[in-house]
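Below is one structure, written out as structure tokens; comments come after it.
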Amino acid sequence: DIVETLIHPLSDNAGYVQDEYILHDGYLFKGCQLCIPVGFMRENIVKELDSGGLVGHFGKDKTIALVAEKYYWPKLKRDV
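Numbering of the sequence shown is given in UniProt numbering, commencing with residue 1 and proceeding in unit increments.
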């Protein structure tokens, strides 16, 4: 199942603690951040948050902070 697919690789990495992950209403969270699986959704999230509305585009550090405030995926900083 999808949850096992997302969590299983974590058991192979000593740097991850599975207890940080919570399944709530069918959504996987790391703490209070929604876990985003590999796919187009990551790119859409970054584009949406980087657009900045009326103030224009944000810099990389600001965009990373905005994404990481609500979302999580491994190597998020690399992808932004």
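Built from N, CA and C at the ideal position, the CB exists for glycine as well.
Please read all numbers here as calculations on a predicted model, not as lab measurements.
On the criterion of 16 or more Cβ atoms from any shown chain inside 10 Å, does residue i qualify as buried, or is it exposed?
i	result
valine 38	exposed
Might you give, ordered along the chain, the residues of its own chain that have their beta carbon closer than 6 Å to the beta carbon of residue i, omitting 5 neighbours on each side?
i	result
tyrosine 72	Lys30, Gln33, Cys35
leucine 66	Leu49
Taking a contact to mean a Cβ-Cβ separation below 7 Å, would you say residue i touches residue j in this structure?
i	j	result
isoleucine 64	lysine 75	no
phenylalanine 40	aspartate 50	no
If residue i and residue j are in contact, beta carbons under 8 Å, what's the gap, nearest whole angstrom?
i	j	result
lysine 60	valine 46	10 Å between Cβ atoms; not a contact.
Which residues in the same chain have their Cβ closer than 7 Å to the Cβ of residue i, if we skip the five residues on either side of it in sequence?
i	result
residue 82	Since the first and last residues shown for the chain are 1 and 80, residue 82 lies out of range.
tyrosine 27	Leu34
Which ranges would you report for the alpha helix (DSSP H) in the segment 21-61 if only whole runs of at least 4 residues count?
40-50
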